[in-house]
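Participant: In my numbering, the protein residues as written are 5 to 769. Glycine residues also receive a C-beta, built at the ideal position from the N, C-alpha and C atoms. None of these values were measured; they are calculated from a predicted model.
#1: So if DSSP puts residue 2 in a beta bridge, which residue, or which two residues, is it bridged to?
#2: I need the straight-line Cα distance from residue 460 to residue 716, nearest angstrom please.
#3: Considering only residues of the stretch 630–679, which uninterrupted alpha helix (DSSP H) runs meet the minimum length of 4 residues and lie entirely inside it, listed in chain order?
#4: DSSP three-state call for residue 561: helix, strand or coil?
#5: Quick check on DSSP: helix, strand or coil for residue 426?
#6: Run through the stretch 209–262 for me and flag every whole alpha helix (DSSP H) of 4 or more residues, listed as ranges in chain order.
#7: Give the range of the alpha helix (DSSP H) segment to which residue 139 is assigned.
#8: Using three-state DSSP, classify residue 332 as helix, strand or coil.
#9: Is the distance from the Cβ of residue 698 to the Cβ of residue 685 below 8 Å?
#10: Excluding the 5 residues preceding and the 5 following residue 8 in the sequence, name in chain order all residues of the same chain whose CB lies nearer than 6 Å to its CB.
#11: Can you give me the Cβ contacts of residue 348 inside the same chain, cut-off strictly under 6 Å, excluding the 5 residues immediately before and after it?
#12: For residue 432, which residues from the same chain have a beta carbon less than 6 Å from its beta carbon, with the 5 sequence-adjacent residues on both sides left out?
#13: Counting C-beta neighbours from all protein chains within 10 Å, is the total for residue 279 16 or more, i.e. buried, or is it exposed?
#14: Between 388, 373 and 198, which has its C-alpha nearest residue 302's C-alpha?
#15: I think residue 230 touches residue 182, with their Cβ atoms under 8 Å apart; what is that distance to the nearest whole Å?
#16: Residue ranges of each beta strand (DSSP E) run of no fewer than 3 residues wholly in the stretch 366–408, ordered along the chain?
#17: Buried or exposed for residue 172, going by 16 or more other Cβ atoms inside 10 Å?
#18: Rank 167, 490 and 222 by C-alpha distance to the C-alpha of residue 184 and give the top, closest one.
#19: Per DSSP, what are the beta-bridge partners of residue 703 in this structure?
#20: Apply the 10 Å Cβ neighbour rule to residue 449 and answer buried if 16 or more other Cβ atoms are within range, or exposed otherwise.
#21: Could you tell me which residues DSSP pairs with residue 555 in its beta bridges?
#22: Cutting at 8 Å between CB atoms, please list the residues of its own chain near residue 644, excluding the five before and the five after it.
#23: Which residues in the same chain as residue 650 place their Cβ atom closer than 6 Å to its Cβ, once the five residues preceding and following it in sequence are excluded?
#24: Hey, quick one: how far does the beta strand (DSSP E) through residue 352 stretch, first residue to last?
#25: Taking 8 Å as the CB-CB cut-off, is residue 571 touching chain B?
#26: Since residue 596 contacts residue 585 with CB under 8 Å, what's their CB separation in whole angstroms?
#27: Helix, strand or coil for residue 145 per DSSP?
#28: Straight-line CA distance for residue 560 to residue 502?
#29: Going by the DSSP bridge assignment, what does residue 724 pair with across the sheet?
#30: Considering only C-alpha positions, which residue in the set 706, 766 and 682 is nearest to residue 751?
#31: Can you name, in chain order, every residue of its own chain whose Cβ lies under 6 Å from the Cβ of residue 372, other than the five neighbours on each side?
#32: Using only the alpha-carbon positions, how far apart do residue 430 and residue 337 sit?
#33: What are the boundary residues of the alpha helix (DSSP H) that includes residue 198?
#34: Count the other CB atoms, across all protein chains shown, that sit within 10 Å of the CB of residue 490; report buried if there are 16 or more and exposed otherwise.
#35: Within its chain, find whatever has a CB closer than 6 Å to the CB of residue 426; leave out the 5 residues flanking it on each side and keep chain order.
#36: Got a sec? Which residues, its chain only, sit under 6 Å from residue 777 by beta carbon, not counting five neighbours each side?
Quick look at the structure:
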């Protein structure tokens, strides 16, 4: 009797016959491999292949529940009915990320789209939410919250900053805009602070030698800044008011909007930003430690899909900045006792055209990118002697600069249908880059007029030897007009999936840095009542590097939480390493020369930890322990001992962030930056500083706190957020700044801001 009742229950849903369920699993139109597909309450299970495809054959007609699940994504359940009339069903399943860390799509490591966990090169990603959490006003504010990265302020007067990666100075870091190398050497002095945070979609970071993909100066690593692209109809307006040390105003007003047509084949997004910051004096000597900023920027991004297999993307941004630092007086810059005045006008433009064929297994990308920077500037000290005063007033040291960068190239990607039974992504590319830099201050007889040309040819194989082992091999040839011979830069990386959630990586690469005449090393600095300048030695050779890195990361995901860690070791050996050698002085100040040293070694260890519980509580942290030394001791200044250790390079530094969402409306954010002790050189000349000397800085712990409350304006269907907080809560800020016009402006270290209070309002949809 029981068997008869069971049969009666089954008959309405099942009948004899054979059917098929097949489909394709994607995320943002990119196939997802390794997704678990199951027909609930049956023995039918499958895993999506490299094209995201799956299939169930020989199915009995009836009703099924299909479940698609993957770590880091929201589970999808679909009801499917197959019968005599419809014996076959094809499903297109789109998965949405549940946790960003595990399965983000990244491109910087291989120049092609790859899931983060599948990339043989570790790629770290910082998105909009992280920048909002730390209340970043610019790109520069956010980069320290990445493992192995440290933003460093290097001038007490103009507040120029540089990005240090794995202990190497900013000149060893390559900055890309939407994958294109148009972040010129001149832009590198202030550009990261000029780029507002609302300009960005995300930032991808690859540490270690990247020259095999991107050419000169990628020895320390590569930072790829992606501007916002239109995804849906939306807008957002954000007002931020900061009070530096509770007194000095720093205001920022920004807006974003995007629109996508009904066919989803065209879209446009725009951003605008205005920031106005007043000068701030830390030690009451009427000379600023933070310069005034007046920044106006806007940009447009668009895409157009003329055919299913074609796509055009373009981007344009304009950044205008006026900054002034020095004596806080209402006078022309050259009438101040000491000052730096800068006016920048920067244009950034790029266009990409991509065409795909052979079921998206082959593609060709062609691209053009352009950058132009015009700069008017003043750097000077008002003299004491009457004759020098007369000369100064007749011929004040104003200067002009112009930088133009052009890049064009093509990239061919091919995925053979069968390559020893496994996936292989082949990439071949050719690109040309031209940098023209002109910088002149006639009063100082200071002139840089250089034209840099580089032809690059690169090839790469991204090969899955087995389901668990990937081998990435690549090589790049560069013909640089500053070098006598073609530079060969190879790279090899391997990824091994030890077990579920665990990956082991090993990488080796060679890089080079050409002896260009304009980079962050050549910043003009005040010291001892004069202006320090740096020139290039004759016969300067390129730097070469051998870089090794190895890492192990593990992530465990359960129904309610995801946790994981990454342990990475790195070793970089530099040959002909650049350093600055003191060669004397003239009537305007100290003179230094960039020379080749014997070599240097940078080695260290980074440890990262992450934890996310039900999207309500999240921790991310990363700390680096390293050592950076020249092979032979280097003399920085006559009279001071020669040193092996890199200056301004702490052996320990790191970050931690905590996010807590007690309700859907409230959010609490904590962030922390740690900077260990470092060796510094302090030049004499300022009040109370009678001799040149080496010093060691204190260690700094910089805490930040932010509260946010979100609600909905139902009448207009707008989201509203009120927020406020404190940066550098305990005011861990340098206490021994030089005073007066003869200060050593390079004697600056520690956090970029003192204790700063802020509040804001954000409206959007």
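Facilitator: Let me spell this out:
#1: There is simply no residue 2 to check, as the chain begins at 5 and stops at 769 in what is shown.
#2: One-based indexing of the chain shown puts residue 460 at position 456. One-based indexing of the chain shown puts residue 716 at position 712. Computed Cα separation, rounded: 52 Å.
#3: Entirely contained in the stretch 630–679, not one alpha helix (DSSP H) run reaches 4 residues.
#4: Walking along the chain shown from the start, residue 561 turns up at place 557. Three-state result, residue 561: strand.
#5: If you number the chain shown from 1, residue 426 lands on position 422. Of the three classes helix, strand and coil, the one that applies to residue 426 here is strand, per DSSP.
#6: 215–218
#7: Against the chain shown, residue 139 aligns to sequence position 135. If you look at residue 139, you'll find it isn't in any alpha helix (DSSP H); DSSP assigns it neither H nor E.
#8: In the chain shown, counting from the first residue as 1, residue 332 sits at position 328. Residue 332: coil per DSSP, three-state reduction.
#9: The residue you call residue 698 lines up with position 694 of the chain shown. The residue you call residue 685 lines up with position 681 of the chain shown. Yes, they are a contact pair.
#10: Along the chain shown, read from residue 1 onward, the residue named residue 8 stands at position 4. Low local confidence applies: a pLDDT of 47 at residue 8 is under 50, so the model's placement there is unreliable, and no value is given.
#11: On the chain shown, position 344 is the one that residue 348 refers to. Closer than 6 Å at the Cβ level, and outside the excluded window around residue 348, lie 325 and 379.
#12: By 1-based counting over the chain shown, the position of residue 432 is 428. Closer than 6 Å at Cβ, skipping near neighbours: 416 and 463.
#13: On the chain shown, position 275 is the one that residue 279 refers to. Buried, by the Cβ-count rule.
#14: Walking along the chain shown from the start, residue 302 turns up at place 298. Selection 388, 373 and 198 evaluated against residue 302 yields 198 as nearest (Cα-Cα).
#15: Stepping through the chain shown from its first residue, residue 230 is reached at position 226. Stepping through the chain shown from its first residue, residue 182 is reached at position 178. Correct: roughly 6 Å between the Cβ atoms.
#16: Listed in chain order, the beta strand (DSSP E) runs fully inside the stretch 366–408 are 366–385, counting runs of at least 3 residues.
#17: Against the chain shown, residue 172 aligns to sequence position 168. Buried, because 16 or more other Cβ atoms sit within 10 Å of the Cβ of residue 172.
#18: Mapped onto the chain shown, residue 184 falls at position 180. Out of 167, 490 and 222, 222 has the C-alpha closest to the C-alpha of residue 184.
#19: The sequence position of residue 703 within the chain shown is 699, counting from 1. In the DSSP secondary-structure assignment, residue 703 is not bridged to any residue.
#20: The count along the chain shown starts at 1 and reaches residue 449 at position 445. Exposed, by the Cβ-count rule.
#21: The count along the chain shown starts at 1 and reaches residue 555 at position 551. 509 and 572, per the DSSP bridge assignment.
#22: Counting from 1 along the chain shown, the entry for residue 644 is found at position 640. Taken in chain order, the residues that qualify are 685, 696, 697 and 698.
#23: Numbered from its first residue, the chain shown carries residue 650 at position 646. These residues qualify, in order along the chain: 632.
#24: The count along the chain shown starts at 1 and reaches residue 352 at position 348. Where residue 352 is concerned, the enclosing beta strand (DSSP E) starts and stops at 342–361.
#25: Annotation note: the requested chain B is absent from the structure, which comprises a single protein chain.
#26: As a working note, residue 596 is residue 592 in the chain shown. As a working note, residue 585 is residue 581 in the chain shown. Indeed, because the Cβ distance is near 6 Å, the residues count as touching under 8 Å.
#27: Here the question's residue 145 lines up with position 141 in the chain shown. Helix at residue 145.
#28: Counting from one through the chain shown, the residue named residue 560 turns up at place 556. Counting from one through the chain shown, the residue named residue 502 turns up at place 498. The alpha-carbon atoms of residue 560 and residue 502 are separated by roughly 13 Å.
#29: Translated into the one-based positions of the chain shown, residue 724 becomes position 720. Beta-bridge pairing links residue 724 to 715 and 767.
#30: The residue labelled residue 751 in the question sits at position 747 within the chain shown. Residue 751 has its Cα closest to that of 682, out of 706, 766 and 682.
#31: Taking the first residue of the chain shown as 1, we reach residue 372 at position 368. Around residue 372: 355 and 412.
#32: The count along the chain shown starts at 1 and reaches residue 430 at position 426. The count along the chain shown starts at 1 and reaches residue 337 at position 333. Answer to the nearest angstrom: the Cα atoms are 55 Å apart.
#33: The residue given as residue 198 occupies position 194 in the chain shown. Counting along the chain, residue 198 sits inside the alpha helix (DSSP H) bounded by residues 195–198.
#34: For the purposes of this step, residue 490 is taken as residue 486 along the chain shown, with counting starting at 1. It is exposed - the Cβ of residue 490 has fewer than 16 other Cβ atoms within 10 Å.
#35: In the chain shown, the residue the question calls residue 426 occupies position 422. Hits under 6 Å: 468.
#36: What the structure shows of the chain is the stretch from 5 to 769, and residue 777 is not part of that stretch, so it cannot be assessed.
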